[in-house]
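Converting from the sequence shown to our numbering requires adding 1 to each position, the first position being numbered 1.
Even for Gly, the Cβ is constructed at its ideal location relative to N, Cα and C.
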Amino acid sequence: MNRIKIILINLLLLTYISISYAADVDEDTTFSTTATAQQVVTENDVDIIITNNASITRTGQKAIKNTDDEVTGTTITIHSGSSVTSTGNNTISTEGGELTITNSGTIQALGASGANSKAINISNSDGGVTITNNSGGIIASPGNTILGNAGTGGDNTTIENSGQITSTNTSSSSSAIIYKDNDTGNTITNNAGGEITSKGTKSTIIVGASSTITNSGTIKNNKSVSKNAIQLKGDNNTVTLKDEGIVVGIIKAANGTTGNTLKINHGVGKSYYYNTGGDFTLQDLDGNQIVNGSAGSVGQGGSEILDDVLGRKSLNLRQSFARYKSTKEDLGKPQSWGEINFSTFKKKQNSQNLSLGLNSADLSINLMYPNQDKDFILSLGTGSQKFTKDHSINRYSVHSGFLFKDNPILNMFGDESFVLGGINLQTSEREILTNTRSSGKLSIGDNYETYDLLAGTKINNDFLIPNIGATVGLSYTPSHNESDYYSWDNKGVSNLSVYLDDSYKLNLGNNYQINLGWIVDVRKMVLGKDQDYEINGTAATFSQDADTTQEVTLATNLGFDKKITDDHFFKFNLDSTISTQELTSFTGNFAYKFAF
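Dropping the structure here:
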């Protein structure tokens, strides 16, 4: 009899303890102080708000749960500084439908049981689950953090993350977000600043079929870059990598799956290389050329700009020749001459024809040494080009040749001509996005040379008739390799320029002179439109858009000369340039007569 009484008393105590650690929520409820009881939602369309640094803290599993699959429309809002935690499994669990979670605080499973500790379990939902993790919000667990693969329903859920979703398990059952093979219609959006990470052997994100993953933040498998960051188990999934978003780990489609698409949206000219597994349809939404195999693209600035460099060099020399001739006329006798040019120009990016935007700064020294029938030319230069997408080229050049003042090329046309050849030594630095490095980025470098030949002729006209001229440029770049992934085949470029120019002088007394000048230059690339290259051994050919192979340039000049003595002149000039390639340029130069 006493034993029966003891059993009854124990049952009553257990019932009391159970009741004291569970509370029904059948209406909208705000928690502004900490609650330790399990919250069981028993009615539809209930709003739960945890605010004022309060917590719902459960010793055991399921700090918040729906009572059964008939309960729908639950909304849980966790403010910054507040939290929902459990020491067991499934901190928040639903078997109903239309669950909405908006987290700016913390949702965390604190248990040490590894795989069994989930922060949010939606495996048995009826669909329509929406989870929004705001900036500063944390969703974390030792196991699969957001679980959708352990029950009958994980379809049509939406996860938008701007905070942290992380799994700390270092072995299996370590996904930050996981669905079953046949779960469909799920959408995961990781915004800029958002981090979805894991530490284990399983993929950081696993989805089933007909689902969408869009990343502008960080998706990272901290176990190893050889583990999966994103895994697609079924067919017809779409992964979009945007902006400066980072992925660390393989992007994999399961064997035998079809219709999976990898879209890249990092911007025109951005270089990237992603290690992928399985079959993907590859798309670059900005129009960059994407190479199959592993997904890779490279900004073509190193190739595209060769034509521009030739054209810029030719224009710079022609303007120097005009100033040199003007100085000779002032001196009245042959004298050595030198000029230093400072220039800067900016080229706008054109997303339609993939012309890369860049800022450039250049310094050149042009030296002239007169002789009886020809003048010796020595041109030294250095410059830096910074493209809009983490790519820069530093250039050092040496060119030499001759100016034939009174001789046409081959004695056929013109009344002055020049020929000049030289070498450009170039150092390239490029930062690419890649899932093969723990940072999600990789800096790669390259050193290569380009050999140039420039020649031109000109008909000088008197009075108000402009001068007429033409130049041809030839460039050859041997094959070269960047430090990782990219190899460039040898490349030849040639262009032809036809131009009109004229200059005018305004004397201000005997010792001062104002110079005005202009040039209209029409340049066309003749050869070199195509560039053959390889990304990680996969061959490709890039063809420049026709709009990037031709340019019309208008350059104007304002100069000031001061006569110091009969043998000494100081000259200062400002040039401005605009072109059809959306380029604007400003150049300053000064010259002084001196002897070698």
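Per DSSP, the unbroken beta strand (DSSP E) holding His-392 starts and ends at 392-405. As the crow flies, the alpha-carbon of Gly-129 is around 6 Å from that of Asn-157.
When secondary structure is reduced to three states using DSSP, Lys-314 falls in the helix class. Taking C-beta separations shorter than 7 Å and ignoring five residues to either side along the sequence, the partners of Gly-300 in its chain run Gly-270, Lys-271, Ser-272, Leu-357, Phe-388, Lys-390, His-392, following chain order.
Comparing alpha carbon positions, the residue from Gly-441, Gln-551, Thr-383 closest to Ser-225 is Gly-441. For Thr-550, the three-state secondary structure derived from DSSP is helix.
Annotated three-state conformation of Phe-573 is strand, per DSSP. For the options Asp-184, Lys-200, Asn-192, Gly-186, the alpha carbon positioned closest to that of Ser-175 is the one of Lys-200. When the alpha-carbon of Thr-539 is set against those of Ala-24, Gly-297, Ala-141, Ala-547, the nearest one is in Gly-297. At the C-beta level, Ile-123 and Ile-108 stay beyond 8 Å of one another. In this structure, Thr-37 sits away from Thr-52, with a CB-CB distance that is not shorter than 8 Å.
In the DSSP assignment, the residues bridged to Arg-59 are Ser-87. If the five residues before and after Thr-557 are omitted, its C-beta is found closer than 6 Å to the C-beta atoms of Trp-519, Ser-577, all from its own chain and listed in chain order. A Cβ-Cβ separation of about 6 Å places Ser-168 in contact with Asn-145 under the 8 Å criterion. Annotation for Gly-138: Asn-104, Ser-105, Gly-164 place their beta carbon closer than 6 Å to its own, counting only its chain and skipping 5 residues before and after.
The C-alpha of Gly-382 is placed about 28 Å away from the C-alpha of Asp-548. Burial of Leu-355 is indicated by the presence of at least 16 other C-beta atoms within 10 angstroms of its C-beta. Contact between Gln-532 and Glu-552 does not hold, since the beta-carbon distance rounds to 18 Å and is not under 8 Å.
Within the region 473-507, the complete beta strand (DSSP E) runs of at least 3 residues fall at 487-489. Between Asn-192 and Ser-212, the CB-CB gap reaches or exceeds 8 Å.
Taking every protein chain shown into account, the CB of Phe-343 has fewer than 16 other CB atoms within 10 angstroms, so this residue is exposed. Comparing alpha-carbon positions, the option among Gln-386, Lys-347, Asn-91 lying closest to Ser-580 turns out to be Lys-347.
Here the C-alpha atom of Val-521 lies approximately 10 Å from the C-alpha atom of Gly-470. Shown here, Leu-559 sits in a strand according to DSSP, grouped into three states. The region 311-320 makes contact with the region 490-499; the number of CB pairs closer than 8 Å reaches 3 or more. DSSP places Asp-453 within a strand segment (E or B) once states are collapsed to three.
The three-state secondary structure of Ser-94, taken from DSSP, is strand. Straight-line measurement puts the Cα of Ser-136 at about 11 Å from the Cα of His-80.
When C-alpha distances from Ile-189 are compared across Ala-24, Thr-428, Asn-134, Asp-308, the shortest belongs to Asn-134. Between Ser-480 and Asn-491, the gap from beta carbon to beta carbon is short of 8 Å. Glu-71 is not a Cβ neighbour of Gly-112, given a cutoff of 8 Å.
Proximity of the region 250-257 to the region 274-288 meets the contact definition, three or more beta-carbon pairs being nearer than 8 Å. Between Thr-58 and Thr-35, the C-beta spacing is below 8 Å. Per DSSP, Phe-281 lies in no beta strand (DSSP E) and is assigned neither H nor E. Here Ser-83 is near Ser-56, since their CB atoms are less than 8 Å apart.
Judged by DSSP in its simplified three-state form, Ile-291 adopts coil rather than helix or strand.
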